[in-house]
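Add 23 to the 1-based position in the sequence shown for my numbering, that's all there is to it.
The C-beta atom is built at its ideal place from N, Cα and C for all residues, glycine as well.
For reference, the structure discussed in these notes is given below.
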Amino acid sequence: MTLRPIKLFTDSIADPSQTWIKEYDIGVVHAYVTIGEETLKDQAEITPEMMYKKVEEKGGYPRTAAPAPSDYSLAYAPYIEQGYNILHISISSLISSSYQNAVIAADDIPADRITVIDSKNLSAGASMLLIQAARAIQHGEPLARIVEDVKESIPHIHFDVVVNKMDYLHKGGRVSGLQNMLGSLLNIRPQLIVKDGMILASRKHRGKMDKAVGNILEKMVENISSIDAELVIIVQTMSTSNAESLRNGLMERASVKEVAIIDAGCVICSHTGPHALGVAYFVKPGCEVKEA
24 MTLRPIKLFT DSIADPSQTW IKEYDIGVVH AYVTIGEETL KDQAEITPEM
74 MYKKVEEKGG YPRTAAPAPS DYSLAYAPYI EQGYNILHIS ISSLISSSYQ
124 NAVIAADDIP ADRITVIDSK NLSAGASMLL IQAARAIQHG EPLARIVEDV
174 KESIPHIHFD VVVNKMDYLH KGGRVSGLQN MLGSLLNIRP QLIVKDGMIL
224 ASRKHRGKMD KAVGNILEKM VENISSIDAE LVIIVQTMST SNAESLRNGL
274 MERASVKEVA IIDAGCVICS HTGPHALGVA YFVKPGCEVK EA
């Protein structure tokens with residue numbers, strides 16, 4: 024029996040790089056960003072730089088929305104007609120309705136032709152699974168094996184994000200007005216972690232952003248025996264120099280084999296604000312990363 028080809032999909036909120044999209048032929052279903060009365064597709068019709076400029080010009084803060092079920096259906100349909108099986112790696116169902124909307128669209132497709140996986144993560148964290156699946160597809164592994172391996176990897180993702188300012192977190196309802204004010208006065212950079220599909224406060228860094236990034240590097244170097252050093256993904260929003268500094272440090276001091284830097288899309292940027300940075304990697308089975 025001839026195996027069907029596999030088409031890999033994800034949401035734009037996973038922040039796949041354009042290089043990966045082309046290299047692995049990844050389909051992307053775009054979320055929406057609304058500023059004022061204007062609604063645009065994340066990473067297709069608007070970039071973070073454009074978004075921040077519009078915020079400055081129009082005031083207010085951006086609002087985001089998951090792709091609708093119809094968006095997923097339209098994306099899947101041509102590949103189902105061409106005989107593909109579909110594997111969709113979505114962002115956490117506890118963070119966005121993207122996963123549920125993809126599942127709704129999948130209900131109209133024979134069950135043996137599509138699999139939708141809840142990554143329980145987002146951005147670089149979800150992209151860890153995306154690249155794992157993409158490379159497995161490229162190597163010709165069967166879909167059932169890929170799905171099993173990806174699901175087994177989900178609990179091992181570690182994803183930290185450091186935010187430069189709390190303004191956007193405050194507008195998004197993740198910190199109070201008092202916390203936002205005190206954070207600004209005390210020069211605090213909050214660190215968040217994605218755990219069990221939810222975004223949680225992790226720790227606070229005092230001082231400039233590069234100091235916070237240095238703290239992350241030190242933590243990773245100290246814990247490198249527990250970290251899978253094959254791949255680390257850094258996601259940044261207008262923080263290129265810090266991202267490159269972290270990449271160089273990981274390759275020089277922790278012997279990480281591959282460190283990819285990706286750009287955050289508008290959905291992530293609308294919650295973190297500019298100059299944020301995140302880092303994702305797999306923790307080895309049976310190990311844990313000790314927080315600083």
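Excluding residues up to 5 positions away in sequence, D38, P71, S146, V258, Q259, T260, T295, A299 and G301 lie with their Cβ nearer than 8 Å to the Cβ of A287 in the same chain. Taking the C-beta atoms as reference points, Y107 is found nearer than 8 Å to P28. In this model, K242 and P85 are separated by some 33 Å (Cα to Cα). By the Cβ neighbour-count rule, Q41 is exposed, with fewer than 16 other Cβ atoms within 10 Å of its own. The DSSP-derived three-state label of D135 is helix. The shortest CA-to-CA distance from D141 to any of E60, V186 and S176 is the one to S176.
Cβ neighbours of L26 within its own chain (closer than 7 Å, five residues either side excluded): P165. In this structure, the CA atom of L223 is about 22 Å from the CA atom of A54. The DSSP-derived three-state label of E253 is strand. Taking the Cβ atoms as the reference, D183 lies roughly 7 Å from S225, within the contact range of under 8 Å.
For S293, the closest C-alpha among the options E68, V78, E46 and K45 is that of V78. Measuring C-alpha to C-alpha distances from G220 to each of S120, G309 and K280 identifies S120 as the nearest. Membership of R226 in any alpha helix (DSSP H) is not indicated; the residue belongs instead to the beta strand (DSSP E) covering M221 to R229.
Bounds of any alpha helix (DSSP H) do not take in H53, whose DSSP letter is neither H nor E. D48 sits in coil when the DSSP states are folded into three classes, being neither helix nor strand. In this structure, DSSP gives Q214 an extended state, which the three-state scheme calls strand.
Beta bridge pairing from DSSP links E61 with I58. About 5 Å separates the CB atoms of I180 and N144; that is less than 8 Å, so the two are in contact.
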